[in-house]
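Offset between the sequence shown (1-based) and the numbering used here: plus 5.
Heads up, the beta-carbon is just placed ideally off N, CA and C, and yes, glycines get one too.
Only a predicted model underlies this, so the values are computations on that prediction, with no experimental measurement involved.
Below is one structure, written out as structure tokens; the observations come after it.
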Amino acid sequence: MNESVIERQIEILWPNIGVSVTADLDGRNSDLADALWETLPYRSLQGHALVAGHHLYHLAPLPELLHVPGVHKIDRRIAPDGSVFCSRLQHLGIKYGPLSEPMPATPIGTVREEDLDALAEAGQAVWQSVYSGGQPVIVEVRRAGDDGGHQLRRPTANNEAADRLLSELHDEIERIWLDPPQELVDLHEGRIASGAGSFGTTLTTMLFVNGETRPLGYCCYSGLVRAAQQQQLPLEFLRQMARIMAATPAEFLGYCGLGKLHEFTERALEVADQLDDREDFVALMGHMALYVNCLGAWNLQLFPWQVDEHLRPGGKVAAVGESLAAVRGKVKPFGETVAPA
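Spelled out as structure tokens, the structure:
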């Protein structure tokens with residue numbers, strides 16, 4: 006194992022809850038770890054698993070996550086607490102307690118044992134933020150000992166139309182990366198210009214938007230990137246599959262209030278039809294995946310998950326670890342910090 010790989014550490018910070026941890030990159034899945042290392046530093050909206058259990062994850066601006074295969078895989082359920090994973094869903098994930106979902110995962114490192122209590126504290130605060138629709142938590146990932154910062158790589162294309170669209174798409178991604186998209190804010194506050202939502206309902210539309218956005222990013226655009234890595238698949242076939250898989254859900258999402266997503270999808274499909282360079286196709290589909298996955302992350306942050314309280318016997322909310330009330334109100338607006346634990 007390469008000694009330089011063993012010696013690499015990353016810091017993961019949540020400034021607005023005053024928590025930071027250090028993780029050692031241990032050489033497993035080194036191609037993925039290398040891609041992460043070269044992308045640092047960056048910031049992202051911190052998310053929390055809503056089904057699996059004690060798991061933090063956030064969208065990482067690494068296009069390599071979509072197609073670089075993991076060599077070493079383990080069942081997350083039996084991985085030790087503090088395990089750090091890279092995911093083909095474009096996530097950097099961290100386990101901080103029991104998990105129920107039997108998903109194979111690709112580990113790249115481990116949070117240091119002395120930081121596991123701080124990690125659990127961060128997990129509880131993030132759960133409260135996501136579940137209760139509270140102040141969003143921003144995470145920063147950087148090389149240990151380095152200054153923080155944030156950058157998003159802008160892909161390029163040889164085709165002029167594709168490169169122009171990539172530039173506009175990148176500007177939109179940067180606009181919504183750390184701030185909620187206004188169209189999603191409007192949706193979750195019940196302002197839907199098209200009237201979507203039968204008989205004045207809004208929760209129905211929110212559910213359908215979440216249900217269509219996630220597979221559009223995770224499966225459609227991400228899948229097209231992976232398919233394009235298979236040289237035996239003709240580019241014409243990939244162009245046709247892009248239109249078959251993306252056009253209809255994007256049209257529906259446009260009707261539900263995501264007009265920019267619909268517009269970008271239509272333009273991406275039109276430009277893709279002109280492409281004869283496989284790398285241009287990969288760049289365009291990859292950046293569309295990042296854009297849609299960013300919308301998906303904000304969907305999860307803004308959705309009123311607390312309505313679940315009305316579906317539980319007695320209306321009792323299960324706590325994560327000890328009482329979540331202990332961390333209620335601890336999250337500060339991004340830019341404000343609290344003293345590290």
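Please return the same chain residues whose Cβ sits closer than 6 Å to the Cβ of residue i, not counting the five positions on each side in sequence.
i: Q14; result: T27, D29 and A149
i: N298; result: L64, Q95 and G222
i: T207; result: G195
DSSP three-state label for residue i, please.
i: R147; result: strand
i: A110; result: strand
i: Q95; result: coil
i: H53; result: strand
i: H193; result: helix
i: P103; result: strand
i: E126; result: helix
i: D80; result: strand
i: S227; result: helix
i: R169; result: helix
i: V89; result: strand
i: R317; result: coil
i: A323; result: Its pLDDT being 49, under 50, A323 is placed unreliably by the model, and the measurement read from it follows with that caveat. Here A323 sits in coil by DSSP.
So residue i is in the alpha helix (DSSP H); what residue range does that whole segment cover?
i: K265; result: G264 to A277
i: T253; result: L240 to Y260
i: E119; result: Here E119 belongs to no alpha helix (DSSP H), and DSSP marks it neither H nor E.
i: H292; result: R283 to L307
i: R219; result: L208 to P220
i: A38; result: S35 to T44
Of the choices the options, whose alpha-carbon is the least far from that of residue i?
i: Y260; options: E118, L305 and T210; result: T210
i: S92; options: H63, A302 and V287; result: H63
i: I249; options: V230, C225, L238 and F269; result: C225
i: H193; options: E145, E241 and G262; result: G262
i: H155; options: S227, Y223 and W182; result: W182
i: D313; options: L67, G58, S137 and R81; result: S137
i: Q279; options: A252, L307 and A166; result: A166
i: L229; options: P185, E284 and P186; result: E284
i: A38; options: V135, G75 and L307; result: G75
i: P68; options: Y296, E275, W310 and L307; result: Y296
i: V214; options: S134, E188, L243 and E268; result: E188
i: Q306; options: I143, G52, G200 and Q235; result: G52
i: I143; options: D184, G200, P109 and E118; result: D184
i: D176; options: Q133, K265 and V135; result: K265
i: P357; options: M246, D80, V116 and A123; result: Outside the displayed span of the chain (6 to 346) sits residue 357, for which this structure offers no information.
i: V56; options: D281, Q235, W132 and G202; result: W132
Could you give the residue range of the beta strand (DSSP E) that holds residue i?
i: T161; result: Unbroken run through T161: none, as it is neither H nor E.
i: H63; result: G58 to L64
i: Q1; result: The shown model of the chain, from 6 to 346, leaves out residue 1, and the question about it has no answer.
i: S358; result: The question about residue 358 has no answer, for the chain in this structure spans 6 to 346.
Should residue i be labelled buried (16 or more other beta-carbon atoms within 10 Å of its own) or exposed?
i: L221; result: buried
i: A198; result: exposed
i: P141; result: buried
i: R196; result: exposed
i: F204; result: exposed
i: I99; result: buried
i: Q129; result: buried
i: H77; result: exposed
i: N304; result: buried
i: T270; result: buried
i: S105; result: exposed
i: P318; result: exposed
i: R33; result: buried
i: D152; result: exposed
i: L71; result: buried
i: Q237; result: exposed
i: P112; result: buried
i: I17; result: buried
i: E173; result: exposed
i: P239; result: exposed
i: V325; result: Note that V325 scores 46 on pLDDT, short of 50, meaning its location in the model is unreliable; the coordinates nonetheless yield the value given after this. Answer is buried; the Cβ neighbour count reaches 16.
i: V24; result: buried
i: P186; result: buried
i: G200; result: exposed
i: E241; result: exposed
i: L258; result: buried
In chain order, what residues of the same chain have a beta carbon less than 8 Å from the beta carbon of residue i, not counting five sequence neighbours either side?
i: A65; result: L41, T44, Y47, S49, C91, Q95, H96, L97 and V146
i: L171; result: R159, P160, T161, A162, A288, L289 and H292
Using a Cβ-Cβ cut-off of 7 Å (strictly less than) and excluding sequence neighbours within five positions of residue i, which residues of its own chain qualify?
i: G301; result: T218, R219 and G222
i: L121; result: D86 and G87
i: P254; result: E217 and L221
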